[in-house]
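In our numbering, the protein residues as written are 90 to 241.
Take a look at the structure below.
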């Protein structure tokens with residue numbers, strides 16, 4: 090299942106890049122993350138791996154391992170996450186807009202066993218909606234922290 094999401098962030102690119110560069114910040118906009126355990130490498134750098142301890146909205150606790158494949162100076166990031174036999178490849182790009190904001194675009198590619206894929210097809214609107222909610226939370230948090238720092 091492939092899908093692309095985007096969100097417009099009313100903050101400058103350097104601020105958005107600073108927030109995205111530190112994976113620990115993801116706890117601010119993904120409340121299901123209870124803890125991040127670094128397994129290898131420099132946190133967030135290309136080649137590093139972490140384990141997220143998550144509490145899902147239904148109360149279930151799960152873990153997901155993520156490996157950061159690439160992190161470019163322009164903020165382009167590629168990673169692979171694995172949990173419960175589902176692999177999620179993500180490619181994220183924060184792009185500056187002419188009016189000084191940032192359009193953060195992330196391509197998702199979820200790979201799983203064909204039987205799971207058939208079930209996932211029915212839940213794909215829910216997965217997209219949950220992911221978009223996380224993006225919207227990121228935008229709100231990035232805008233708030235930018236205003237707090239800039240005094241606007």
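Glycine included, every Cβ here is placed at the ideal spot set by N, Cα and C.
DSSP-derived helix/strand/coil call for residue 121 | coil
Segments of 3+ residues assigned as beta strand (DSSP E) that fall wholly inside the stretch 150 to 208 = 150 to 160, 166 to 172, 175 to 185, 191 to 200
For residue 131, which of helix, strand or coil comes out of DSSP?
-> coil
Beta-carbon gap between residue 195 and residue 94 smaller than 8 Å | yes
Just confirm the distance between the C-beta atoms of residue 199 and residue 90, as a whole number of angstroms; I'd bet it's less than 8 Å.
-> 5 Å
Going by C-alpha distance, which of 168, 122, 121, 105 is nearest residue 283?
-> Residue 283 lies beyond the stretch modelled for the chain, which goes from 90 to 241, so this question has no answer here.
Helix, strand or coil: how does DSSP classify residue 145 here?
-> coil
Is residue 111 closer than 8 Å to residue 232 when the C-beta atoms are compared?
-> no
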